[in-house]
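Inspection log for the structure reproduced underneath, given as structure tokens.
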Amino acid sequence: MKEFREKIDLIDEKILDLLIERFDLSIKIGSYKKINKLEIENLKREDEIAKSFPNLYKKNIENIYREIFKNSKHMQEKLFAYLDKNIVLIGMPGCGKTTLGEILSKKLKRDFFDTDKEFENLYGSPEEFIIREGLSKFRDIESEILRKFSKNKYGVISTGGGIVERKENLEILKDNSFVYYIDRDTDKLTLSGIQPSYKKDLYKLREKRENLYREFSDEIIKNNTDPQEAVGKLIESFNNDILVKARAGVL
Numbered sequence: 033m034k035e036f037r038e039k040i041d042l043i044d045e046k047i048l049d050l051l052i053e054r055f056d057l058s059i060k061i062g063s064y065k066k067i068n069k070l071e072i073e074n075l076k077r078e079d080e081i082a083k084s085f086p087n088l089y090k091k092n093i094e095n096i097y098r099e100i101f102k103n104s105k106h107m108q109e110k111l112f113a114y115l116d117k118n119i120v121l122i123g124m125p126g127c128g129k130t131t132l133g134e135i136l137s138k139k140l141k142r143d144f145f146d147t148d149k150e151f152e153n154l155y156g157s158p159e160e161f162i163i164r165e166g167l168s169k170f171r172d173i174e175s176e177i178l179r180k181f182s183k184n185k186y187g188v189i190s191t192g193g194g195i196v197e198r199k200e201n202l203e204i205l206k207d208n209s210f211v212y213y214i215d216r217d218t219d220k221l222t223l224s225g226i227q228p229s230y231k232k233d234l235y236k237l238r239e240k241r242e243n244l245y246r247e248f249s250d251e252i253i254k255n256n257t258d259p260q261e262a263v264g265k266l267i268e269s270f271n272n273d274i275l276v277k278a279r280a281g282v283l
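The sequence shown begins at 33 in my numbering and counts up one residue at a time.
This is how it looks when you write it as structure tokens:
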């Protein structure tokens with residue numbers, strides 16, 4: 033009896049490892065289906081697999097597989113809802129949020145939103161608006177735009193560099209978003225479009241905001257070289273986060 037049980041334990045260990053690998057693949061397939069707008073259920077494939085089973089213990093094996101299919105589909109359904117969250121990019125002015133956001137949205141087939149561009153479309157130059165109406169009014173409108181964009185699903189949102197200066201924005205972002213801090217070395221920041229007062233002391237501005245960027249973000253992505261490389265890191269981080277949550281059963 034002991035010998036039989038030891039053999040069963042070894043077999044069960046292999047089955048467990050393979051089940052984990054299979055569920056991991058189900059999550060990856062689910063992500064692919066979401067991006068490419070494919071249906072979760074594929075009954076034709078399930079039937080084809082069931083027909084391929086050997087005659088030995090056929091009914092027992094089919095019952096086990098049907099349960100695996102059921103669990104895999106349930107995981108993918110939860111994944112689809114989880115992936116509806118927006119991907120939000122925060123970081124210093126000139127760190128590449130808009131560039132990365134545009135690339136990322138195309139790769140993941142998501143809509144792209146830019147809070148800075150939306151402000152400019154509605155009110156014109158941020159610098160002139162701040163001179164005319166004040167910084168507080170600018171921040172009010174910035175939060176309104178963020179709130180509007182955050183109500184969307186399955187989008188990529190590029191935000192203004194100062195979005196972290198209001199705590200209410202943290203609550204807006206955490207409600208329906210994955211937040212990534214795009215971290216570029218200060219001396220590599222592209223200065224085009226930054227308010228003149230900010231250009232004088234980017235190092236102090238970064239010192240002021242660094243902890244806020246980290247507090248707001250779920251992950252940090254370095255962007256000192258090629259934008260495509262940074263987007264690749266972001267997608268890898270995003271997929272790993274999903275896999276970790278799926279394995280923990282918290283999707």
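Just so it is clear, CB atoms sit at the ideal spot from N, CA and C, and this is done for glycine as well.
A quick note: this is a predicted structure, and the numbers were derived from the prediction, not measured.
A straight line joining the alpha-carbon of E268 with that of F101 spans about 26 Å. The beta-bridge partner set that DSSP reports for Y155 is empty.
Closest in C-alpha terms to S182, from the list N256, E251 and D116, comes D116. Here Y89 is exposed. Its C-beta has fewer than 16 other C-beta atoms within 10 Å.
Nearest Cα to G281 within the set I119, K139, S190 and N103: N103. If one requires a minimum length of 3 residues, the beta strand (DSSP E) runs lying completely within the region 118 to 179 are 118 to 122 and 143 to 146, in chain order. By the criterion of a C-beta distance shorter than 6 Å, D217 is surrounded in its chain by N256, once the five residues flanking it on both sides are discounted. A Cβ-Cβ separation of about 6 Å places V120 in contact with L205 under the 8 Å criterion.
Excluding residues up to 5 positions away in sequence, nothing lies with its Cβ nearer than 8 Å to the Cβ of E38 in the same chain. Counting only runs that start and end inside the region 181 to 225, the alpha helix (DSSP H) elements of at least 4 residues fall at 199 to 208.
In the DSSP assignment, E53 falls within the alpha helix (DSSP H) that extends over K34 to I67. When C-alpha distances from V196 are compared across D207, R241 and G166, the shortest belongs to R241. According to the DSSP secondary-structure assignment, I274 is paired through a beta bridge with no residue. For E109, there is no enclosing beta strand (DSSP E); the enclosing alpha helix (DSSP H) covers residues K90 to L115.
Less than 8 Å separates the beta-carbon of Y114 from that of L283. Rounded to the nearest whole angstrom, the CA to CA distance from D172 to R279 is 40 Å. By the CB criterion at 8 Å, Q108 and I72 fall inside the cutoff.
Only residues of its own chain outside the window of five on either side were considered, and among them F85 have a CB closer than 6 Å to the CB of I93, listed in chain order.
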